[in-house]
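Just so we're aligned, residue -8 is where the sequence shown starts under our numbering, counting upward by one. Below: the structure, in structure tokens.
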Amino acid sequence: MQRKVGIIGAGVSGLLVCKYALCKGFNPIVFESQSTIGGVWTKTLRTTKLQTPKPLYQFSDFPWPPSVTEDFPDKHKPFSPMGKWKLIVEDLNNHPTRADFVIICVGRFSGVPNIPEFPPNKGPEAFHGKVIHSMDYAAMEDAKAVEFIKGKRVLVVGFQKSALDMAMECSTANGMENPCTVLYRTAHWNLPDYLPWGFSLAHMECIQPRIPQLAAVIGYSKSVANLYTSEIRCRWLVELLDGTFKLPSIEEMEKDVKECEDYLKQYSGVNYKRKCIGALHVWYKDQLCKDTGWSPRRRKTLFAELFVPYGPLDYVQ
């Protein structure tokens, strides 16, 4: 009997886990609260571009086509249409589902818009202009979105990725005639120490052994290139579920996490929790490979192993 894997979230990580679970003969079922798949990429703006160089933002077995020549491509699909899909959508409201494992792939940017609470009569209602969240703006058609901000003075509140994308969108539409203003409290992006329910992420940045039958939390930990790392992590997870290797004891895993944190503090200073600029990317991927029995040395020559940077295509199966 096929083991059923419940996957919460149909963003990049959720789709990757689903793919590799199918390859191993599992029966994955993906739950997505939105009407589309793709996660954060369904909420982009007209001018959104990759913030990661193209060679680091691709799947190991699905590279960018030669027609994409930009180092930081924009969001518009670079692929020629190959046909149409016939989709059958099932509404699972109030329909209980049992699974052998649960994998949470909601990611850091999922959920409802993050709108702060204000004292009475001191929030958006005190402002005589229009107030809109970037997610609602991203849902507009391109032409309507440009018309919405064209010729207007725009104040962007926040300093995270969507705020900077929104500022770029406004400056592209209005130029210097109506400059966009960015208002922020903290000039950097702090990652939370803990998940909402109070447990820190543990072994391999995704396993929390003290929660029974929770296989992993995928897509929450950052790296120098999220898609690149997430794919290898998803493959590692499916190998774990398939019995290729076993986890260490709880005590050993918590000890490993502490040693890793101490190392990051030593070499990354105050930024040790910001994994996108940490110092363990190659080591982390090497450990994932070793656990699953794959060789961490992915290059054919010693020179390439020592001097040529690694990328997603080096980890193709």
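Built from N, CA and C at the ideal position, the CB exists for glycine as well.
Host alpha helix (DSSP H) of residue i (start-end)
i: residue 140; result: 133 to 140
i: residue 229; result: 217 to 232
i: residue 146; result: Looking at the DSSP string, residue 146 is not in any alpha helix (DSSP H); the run it does join, the beta strand (DSSP E), is 146 to 148.
i: residue 127; result: 125 to 129
i: residue 279; result: 272 to 283
i: residue 153; result: 152 to 165
i: residue 296; result: 293 to 298
Residues of its chain near residue i, where Cβ-Cβ distance is below 7 Å and the 5 sequence neighbours each way are ignored
i: residue 286; result: 280
i: residue 225; result: 4, 7, 8, 11 and 209
i: residue 233; result: 15
i: residue 235; result: 283 and 284
i: residue 187; result: Residue confidence for residue 187 is low, a pLDDT of 44 falling below 50, so the modelled location carries little weight; the figure read from the coordinates is stated next. Nothing listed; no residue qualifies.
i: residue 221; result: 3, 4, 7, 209 and 210
Rounded Cβ spacing between residue i and residue j (contact assumed at less than 8 Å)
i: residue 309; j: residue 36; result: The question about residue 309 has no answer, for the chain in this structure spans -8 to 308.
i: residue -4; j: residue 92; result: 5 Å
i: residue 154; j: residue 147; result: 5 Å
i: residue 301; j: residue 273; result: 6 Å
Span of the beta strand (DSSP E), counted from its first residue to its last, around residue i
i: residue 172; result: 172 to 174
i: residue 92; result: 92 to 95
Cutoff 8 Å; reference residue i; Cβ partners in own chain excluding five residues on either side
i: residue 109; result: 115
i: residue 241; result: 200 and 201
i: residue 130; result: 34
i: residue 244; result: 193, 194, 198, 200 and 238
i: residue 76; result: Its pLDDT being 47, under 50, residue 76 is placed unreliably by the model, and the measurement read from it follows with that caveat. Within the same chain, residue 76 has no close Cβ partners at all.
Sequence-distant residues of the same chain with beta carbon closer than 6 Å to residue i, five excluded per side
i: residue 303; result: 49, 51 and 219
i: residue 22; result: -1
i: residue 208; result: 95 and 197
i: residue 152; result: none
i: residue 229; result: 11, 12 and 15
i: residue 307; result: 51 and 52
i: residue 159; result: 38
Mind pulling the alpha helix (DSSP H) runs of 4 or more residues that sit fully within the stretch -7 to 21? 3 to 14
Three or more C-beta pairs below 8 Å linking the stretch 5 to 19 and the stretch 123 to 139: The stretch 5 to 19 vs the stretch 123 to 139: no contact.
Pair every Cβ in the stretch 30 to 50 with every Cβ in the stretch 0 to 9, then say whether three or more of these pairs are closer than 8 Å. yes
Which ranges would you report for the alpha helix (DSSP H) in the stretch 20 to 44 if only whole runs of at least 4 residues count? As far as the stretch 20 to 44 is concerned, it has no whole alpha helix (DSSP H) run of at least 4 residues.
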